[in-house]
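Chains as they are written, first to last, in the working numbering: chain W, 217 to 532; chain B, 217 to 532. Ideal Cβ placement from N, Cα and C applies to all residues, glycine included. Below is one structure; the comments refer to it alone.
2 protein chains.
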Amino acid sequence: MNTPEPGLPMTVPAEGLPARVRVHEVGARDGLQNEKAVVPVEVKAEFIRRLAGAGLTTIEATSFVHPKWVPQLADAEQLFPAVAGLPVDLPVLVPNERGLDRALALGARRVAVFASATESFAKANLNRTVDEALAMFAPVVARAKEEDGAHVRGYLSMCFGDPWEGPVPVEQVVKVCRALLDMGCDELSLGDTIGVATPGHVGALLTALTGAGVPVDTLGVHFHDTYGQALSNTLTALRHGVTTVDASAGGLGGCPYAKSATGNLATEDLVWMLRGLGIDTGVDLGRLVATSVWMAAHLGRPSPSRTVRALSHQEQ
Amino acid sequence: MNTPEPGLPMTVPAEGLPARVRVHEVGARDGLQNEKAVVPVEVKAEFIRRLAGAGLTTIEATSFVHPKWVPQLADAEQLFPAVAGLPVDLPVLVPNERGLDRALALGARRVAVFASATESFAKANLNRTVDEALAMFAPVVARAKEEDGAHVRGYLSMCFGDPWEGPVPVEQVVKVCRALLDMGCDELSLGDTIGVATPGHVGALLTALTGAGVPVDTLGVHFHDTYGQALSNTLTALRHGVTTVDASAGGLGGCPYAKSATGNLATEDLVWMLRGLGIDTGVDLGRLVATSVWMAAHLGRPSPSRTVRALSHQEQ
Chain W
217 MNTPEPGLPM TVPAEGLPAR VRVHEVGARD GLQNEKAVVP VEVKAEFIRR
267 LAGAGLTTIE ATSFVHPKWV PQLADAEQLF PAVAGLPVDL PVLVPNERGL
317 DRALALGARR VAVFASATES FAKANLNRTV DEALAMFAPV VARAKEEDGA
367 HVRGYLSMCF GDPWEGPVPV EQVVKVCRAL LDMGCDELSL GDTIGVATPG
417 HVGALLTALT GAGVPVDTLG VHFHDTYGQA LSNTLTALRH GVTTVDASAG
467 GLGGCPYAKS ATGNLATEDL VWMLRGLGID TGVDLGRLVA TSVWMAAHLG
517 RPSPSRTVRA LSHQEQ
Chain B
217 MNTPEPGLPM TVPAEGLPAR VRVHEVGARD GLQNEKAVVP VEVKAEFIRR
267 LAGAGLTTIE ATSFVHPKWV PQLADAEQLF PAVAGLPVDL PVLVPNERGL
317 DRALALGARR VAVFASATES FAKANLNRTV DEALAMFAPV VARAKEEDGA
367 HVRGYLSMCF GDPWEGPVPV EQVVKVCRAL LDMGCDELSL GDTIGVATPG
417 HVGALLTALT GAGVPVDTLG VHFHDTYGQA LSNTLTALRH GVTTVDASAG
467 GLGGCPYAKS ATGNLATEDL VWMLRGLGID TGVDLGRLVA TSVWMAAHLG
517 RPSPSRTVRA LSHQEQ
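Here it is, written out as C-alpha cells:
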C-alpha cells in the first residue's frame, strides 16, 4: 500500500486481474448521441482533444449514420477531420456501406458496426431480423478490412436482458458473437444496454463465449449503470480475463435523471477502481475529471459520476 | 437463468459466494443522522415499520448519544418504544455507560459501540485516543453482555483511509478489531467512512483479519459510495466469506449532493445485485423501493440510489 497523491486512491493490487486495461471511451459518441440540444461541433472537438489530453487512447468520435436518425451526430463530416490528427485511436460507428464510404473518405482507420443479440431490438433499432442485420454488416466488415485494412469492432446490444424479450439466453449471444467474428470483426463489445446484468450472469456469458472458442482478448464489455451494477459487472469481467472496458467520461449517456435511467459506466469511477487495484490505464484522473466538469457545464447539469462529484466538490 | 418478475433481475448464481446475506439496514440511524431538518419521530417510526414490512430483519433504529451531539436523534426515548414491538432486530448505538443505561431501560437487546481505527478520527469524533476510546467501551460491552445478555456490535471507522492520515495500515485495523472482540463484541462492522476503498484493499484487510484468527462470520462491511465503489467492494467482501452487509435504504446518509459526498451503499442497489446472484436476503425489492420513494418525498429530494430511480421512474 502506498501513500496516494491527493485525489487518488491507495493502490492495493488483487490477484487474478490483468496488469493493464484499455478504456474504450464512448462519451463523445454514445454519451452525447441522446442529448436533445445539439452540441456545437467545436465543443465536441474540444471534448475529444481534452479526453486525449487526459490520457485516453481509444476515443470513439462519432457515427456515420444517416443524419436523420441521430441529429446530434449529423456533423460527423466536420467533427472527424477536426480531431483526426490526434495521436489516439478514433473509432467511428458505420451502420452500412454508405456510412463506411463516408468514414473511409475522411481517413477513419477504425470502424464499428452495431448488431443486436435479440430479434426485438434488431427490429426496433435496425428494422431487420438479427440475420438480416448481420447480412447488412458482412460487406461493411469485409470492405473495411480487405480494401482498407481498418480495424473493425462489432457492438452487440442486449447481451443480458431485453425490454421486450426479458432474459437473453447466453447461447443466443454466443451465436451472434461467432457470426461477427467469422465475418472478420477484430473485437466485440458486449453491451448490457438496459443495465440489468449482475455478476453471475456476466461470468456465465464470458465462460460460455470462451468455451465456444472466442478468444477473451477479442472481448470488451459495455455496462450501463441503470441499477448501479456497472462497476461490479466490470470487476467480474476483469476476473474472467477481459481487458477492454467501455466507459463514458462523466457518465454521459442516455439521461440518468429521466425515466429510463440508462447512464453509461462513468470513466472516472472505473479509473478510480483500476487505479486502486494498481491496474494501468494511462489515464490522468484529475485531467479527466476536469474535462467532465467542463462538459457538464456546457450541458448545464452535473455529472452523475460519483468520482467526478467527489473530486470536483460538485454540488447540485 | 429464470424469467424474472417485473422489476427484478434475472437470477444467475456465481461460484464462491454465500447462499444468504444479512442486510444490516442503517438508513434510520446512519442515514438520517446528518439531516439538518429534524424528521418527526412518527415519520421515523413509520420508516422503520415500512423497512420491516419490506423484509429487512436487522434495522438500526437510533442512537443513545447525548442529544447535544446529534440533535436529529434526540428523540431516541420516544422512537425506540414506538417500534420495539416489531418482529425484527433493532440495534441502537450507545457511546458510553450512560447511553447504555438509557437503551437498556427501554428494553434494547442489541447495542453497538463505535470505535476508530485511526488516532485522528478517534480524536475528532470522540476526543480520545484509540486506546482511551476502547477503555471507555470496555465496561459498556461488559455490562451489556454480562448483565443483560445483549448482542454487541463494534463499529470500526476509517478502516481503509482517513482524511487526516491517508492510507490506514491493515495491521492497525487488525489490532483494534482484536481489541473489540477481546472485550466481548459479538460482531464488527468494518467502515470505509470516506469511501476510498477499492477491491484489492478490501481483500487484503479481510485476508489479514482472518489470518489473525478473526472468524469471518463476526465481520460485517460498511461501504460508502463516495467514489462509486461500494458495490464492487461489497462483492469482493462476499468472495472473502463475509455475509453481513450494512446498507442504507435509498442510499440515505451524509449528503451525496454536497461537498463531501458521503452517501451509504443503497440497500436497493445491493439487493438488486444479490437477487441477481440468487443470494437470499428476504427483502421485497418493490416494497423497499416504495419505502425509499416515500422517505425521499418526506426529505424533499430524490433518492441517489440508481435502482430506486430506475424502478420508480423517478425524475429529478
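Would you mind sorting residue i into buried or exposed? The rule is 16 or more other CB atoms within 10 Å of its CB.
i               : result
R236 of chain W : exposed
Q532 of chain W : Note on Q532 of chain W: pLDDT 40, under 50, position unreliable in the model; no value is reported.
A253 of chain W : exposed
A526 of chain B : buried
K260 of chain B : buried
R522 of chain W : buried
P518 of chain B : buried
E166 of chain W : Any answer about residue 166 of chain W is impossible in this case: the structure gives chain W only from 217 up to 532.
K475 of chain B : Only weak support exists for where K475 of chain B lies, its pLDDT of 46 falling under 50; the value from the coordinates is given anyway. Counting Cβ neighbours within 10 Å, K475 of chain B comes out exposed, since fewer than 16 surround it.
H240 of chain W : buried
E276 of chain B : buried
G223 of chain B : exposed
A477 of chain W : Note on A477 of chain W: pLDDT 44, under 50, position unreliable in the model; the coordinate value appears next. With 16 or more Cβ atoms within 10 Å of its Cβ, A477 of chain W is classed as buried.
W380 of chain W : exposed
L358 of chain W : Here residue 358 of chain W turns out to be Ala, not Leu, going by the sequence shown. Looking at its Cβ environment, which holds fewer than 16 other Cβ atoms inside 10 Å, A358 of chain W is exposed.
D408 of chain B : buried
P472 of chain W : For P472 of chain W, the predicted model reports a pLDDT of 43, less than 50, meaning its position is unreliable; a value from the coordinates is still stated below. Buried.
W285 of chain W : exposed
V524 of chain B : buried
R314 of chain B : exposed
H440 of chain B : buried
N343 of chain W : exposed
D398 of chain W : exposed
E484 of chain W : buried
G370 of chain B : buried
T452 of chain B : buried
P415 of chain W : buried
A328 of chain B : buried
D291 of chain W : buried
H438 of chain B : buried
Determine the chain B residues that contact residue i at a beta-carbon separation under 7 Å, and present them in chain order.
i               : result
R318 of chain W : Within 7 Å Cβ-Cβ: nothing; R318 of chain W doesn't reach chain B, min ~36 Å.
A420 of chain W : V228
S448 of chain W : L447, S448, L451 and M489
Starting from the beta carbon of residue i, find every residue of chain B whose beta carbon is closer than 8 Å, and list them in chain order.
i               : result
D496 of chain W : Those do not exist, as D496 of chain W stays about 14 Å from chain B at its closest Cβ, beyond 8 Å.
Please compile the residues from chain W whose C-beta is within a distance smaller than 9 Å of the C-beta of residue i.
i               : result
A482 of chain B : G444
So which residues on chain W does residue i lean against when the C-beta distance must stay under 8 Å?
i               : result
L562 of chain B : Residue 562 of chain B is absent from the structure shown; chain B starts at 217 and stops at 532.
G502 of chain B : By Cβ distance, chain W contributes nothing, its closest Cβ being about 14 Å from G502 of chain B, past 8 Å.
What residues of chain W sit near residue i, judged by a beta carbon separation below 7 Å?
i               : result
D485 of chain B : Y443 and G444
Q.
Counting only Cβ-Cβ distances shorter than 9 Å, please list the residues of the region 431-445 of chain W near chain B, keeping chain order.
A. Taking 9 Å as the Cβ-Cβ cut-off against chain B, the residues of the region 431-445 of chain W that qualify are D441, T442, Y443, G444 and Q445.
(Q) Using a Cβ-Cβ cutoff of 7 Å, what residues of the region 392-417 of chain B are near chain W? List them in chain order. (A) Listed by position, the residues of the region 392-417 of chain B near chain W (Cβ gap below 7 Å) are V412, T414, P415, G416 and H417.
Q: Within the region 330-403 of chain W, note down every full beta strand (DSSP E) run reaching 3 residues or more, in order along the chain.
A: Fully enclosed beta strand (DSSP E) runs of 3 or longer: 367-373.
Q. Does the pairing of the region 461-470 of chain W with the region 507-520 of chain W give three or more beta-carbon distances under 8 Å?
A. In the pairwise beta carbon analysis, the region 461-470 of chain W is classified as touching the region 507-520 of chain W: at least three pairs are separated by under 8 Å.
Q. In the region 510-526 of chain B, which residues sit with their C-beta less than 8 Å from some C-beta in chain W, listed in chain order?
A. Hits within the stretch, in order: S521, R522, T523, R525 and A526.
(Q) Check whether the region 416-436 of chain W and the region 337-349 of chain W are in contact - that is, three or more C-beta pairs closer than 8 Å. (A) Counting Cβ pairs under 8 Å, fewer than three are found: no touch.
Q) Going along the chain, which residues of the region 230-263 of chain W sit with their C-beta nearer than 7 Å to a C-beta in chain B? A) Those would be A230, in chain order.
Q) Got a sec: which bits of the region 455-470 of chain W sit with their beta carbon under 7 Å from any beta carbon on chain B, in order along the chain? A) Taking 7 Å as the upper bound on Cβ-Cβ separation, chain B lies near no residue of the region 455-470 of chain W.
Q: Jot down the residue ranges of each uninterrupted alpha helix (DSSP H) in the region 447-523 of chain B, minimum 4 residues, whole runs only, in chain order.
A: If only complete runs of 4 or more residues are kept, the region 447-523 of chain B shows the alpha helix (DSSP H) at 483-492 and 501-515, in order along the chain.
Q: Could you name each continuous alpha helix (DSSP H) segment of 4 residues or more that falls completely within the region 402-446 of chain B, going from the start of the chain to the end?
A: Counting whole runs of 4 or more residues, the region 402-446 of chain B contains the alpha helix (DSSP H) stretches 415-427.
Q.
Assess contact between the region 266-276 of chain W and the region 306-317 of chain W, defined as three or more Cβ pairs (one per stretch) separated by less than 8 Å. Is contact present?
A. The region 266-276 of chain W makes contact with the region 306-317 of chain W: 3 or more CB pairs, one atom from each, lie closer than 8 Å.
Q: For the region 293-303 of chain W and the region 263-272 of chain W, state whether three or more C-beta atom pairs, one from each stretch, are separated by less than 8 Å.
A: Three or more beta-carbon pairs drawn from the region 293-303 of chain W and the region 263-272 of chain W are found closer than 8 Å, and the two stretches are therefore classed as touching.
Q: Identify every run of the beta strand (DSSP E) within the region 294-334 of chain W, keeping only runs that are complete inside it and at least 3 residues long; order them along the chain.
A: Runs of the beta strand (DSSP E) inside the region 294-334 of chain W: 326-332.
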